[in-house]
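Undergrad: I'd like to ask you about the structure that follows.
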Amino acid sequence: MSDSLLKLARDSSSEKKHELAEHVTGLLVARADDPGSEETHLLNNMLEGVYDSLAHDAKRKMSERLADVPSMSSKLAAAMASDDLPVAQAVLERSKSLREEDLRKIAETKDQGYLLALAKRDHVSNDISNILIKRGSRDVKHTLAANLGAEITMPVFESLVKDMPKQLGDRIRHLRKSNEELLEDLFRDDGEVAAGAELVKKQSKISPKAWLMGIRLGKTTLNKAVYQLAQEHNLLDAVALLSFFSGLDMKYVHNLMVRFDSTGIATVCRATGIGAMEFQAVCKERCKHLKFPESTGSKWLTNYHMLDDTDARRLLALMKIRLKAAKHEKAA
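Counted from 1, the sequence shown has number 235 at position 235 by full-length UniProt numbering; the numbering is strictly sequential.
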């Protein structure tokens, strides 16, 4: 494969270069979760080599296809992010290949369209948030304030919310306050968090591994698995599946499942695509486990509905970033 692609890459014609870019982009998408291999490195090098010679529309299509691909190189991502806004937007909003220094450079030098795209990222560091607040328009600041994945100090957040419509500001304030408390609780000792007894393993008709295989083969769905496990009073196996699909350690998903509130587990369920009916079944079983009245489950369902998919995904991303940072600090 590599010899034929390299030969095509050396062809000077514009048509061949566009043909190469489209083909190699598809190969890189197929290797989305294989960032360290020699083949992935070669594919990135080829795209980096032909990128500047591509037409605007070809660059825009490449940006859309690669924005969610973790194996895209930081060099290629930075080139797209610095291009015209129609090309840059998808990568600015979604790509995890962009390095912090690339994000900072764009935040410090580019115009409002670029800043607005940055404000929509699943995670915005405190450093980048401060630059966006300093340079951004009202629209940029409001978008950042509404982004639960943006790290903003509470005093600065309050100053931004005061400039928003009251109902919207109150909703965002409630969500951010709940989420900050949740993030703080992740690092507390188990005895310091209001929570019920640990979940215990129960007999189930289908094991988590079997459910996982069925989901991967397209024979069933995560929603069906979680609903069935809740009906079987087996929240521990549901935790195992939610842990796998959320990318959050099972320890933390378990702790969120047995907490006396629902913000955390609602976030994990929303972010992994669990529907309202399935979450209601989880709430019903949680009420039994925690010895709460079923009416409490209705309140938890309200919390679930207050989160939209984007908010949940961003908060989950922030959880994982905070946990990863804490592990690095502990290991240092």
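The beta carbon of each residue, even a glycine, is placed where N, CA and C say it ideally should be.
Which one of Ala78, Glu108, Thr109, Lys105 has the shortest CA to CA distance from Arg94?
TA: Out of Ala78, Glu108, Thr109, Lys105, Ala78 has the C-alpha closest to the C-alpha of Arg94.
Undergrad: Terminal residues of the continuous alpha helix (DSSP H) containing Tyr114?
TA: Note, Tyr114: alpha helix (DSSP H), 112–119.
Undergrad: Using the C-alpha atoms, what's the distance from Ala281 back to Lys288?
TA: One C-alpha to the other measures close to 11 Å.
Undergrad: Grab me the residues of Ser178's own chain with a C-beta within less than 6 Å of its C-beta, minus the 5 sequence neighbours each way, in chain order.
TA: Taken in chain order, the residues that qualify are Thr263.
Undergrad: Cβ of Leu20 within 9 Å of Cβ of Val50?
TA: Yes. Within cutoff.
Undergrad: Would you check if there are 3 or more beta carbon pairs closer than 8 Å linking the stretch 138–149 to the stretch 235–246?
TA: No, because fewer than three Cβ pairs between the stretch 138–149 and the stretch 235–246 fall closer than 8 Å, the two stretches do not touch.
Undergrad: Could you check if Ala238 belongs to the surroundings of the ligand GTP, using beta carbon to heavy atom distance under 8 Å?
TA: Summarising the ligand content, the structure contains no ligands, and the ligand GTP is consequently not present.
Undergrad: Evaluate Ser295 with the Cβ neighbour count: other Cβ atoms within 10 Å of its Cβ, from every protein chain shown; 16 or more gives buried, anything less gives exposed.
TA: Its Cβ having fewer than 16 others within 10 Å, Ser295 is exposed.
Undergrad: According to the neighbour-count rule (16 or more other Cβ atoms, all chains shown, within 10 Å of its Cβ), is His142 buried or exposed?
TA: That one is buried.
Undergrad: Spatial neighbours of Val140 within its chain, please: CB distance less than 7 Å, with the 5 preceding and 5 following residues excluded, ordered by chain position.
TA: For Val140, where only same-chain residues beyond five positions count, the Cβ hits under 7 Å are Gln112, Leu115, Leu116, Ala119, Leu132.
Undergrad: Among Asp52, Leu54, Ala325, Val87, which has the Cα closest to the Cα of residue 341?
TA: Limits of the chain in this structure are 1 at one end and 332 at the other, which puts residue 341 out of reach.
Undergrad: Just list the beta strand (DSSP E) runs in the stretch 201–288, keeping only unbroken ones of 3 residues or longer that don't cross its boundaries, in chain order.
TA: You should have found no qualifying run.
Undergrad: Looking at Val226 and Leu242, is the spacing between their C-beta atoms short of 9 Å?
TA: Closer than 9 Å, so yes.
Undergrad: Considering Tyr304, what are the terminal residues of the alpha helix (DSSP H) in which it resides?
TA: Start and end: 294–306.
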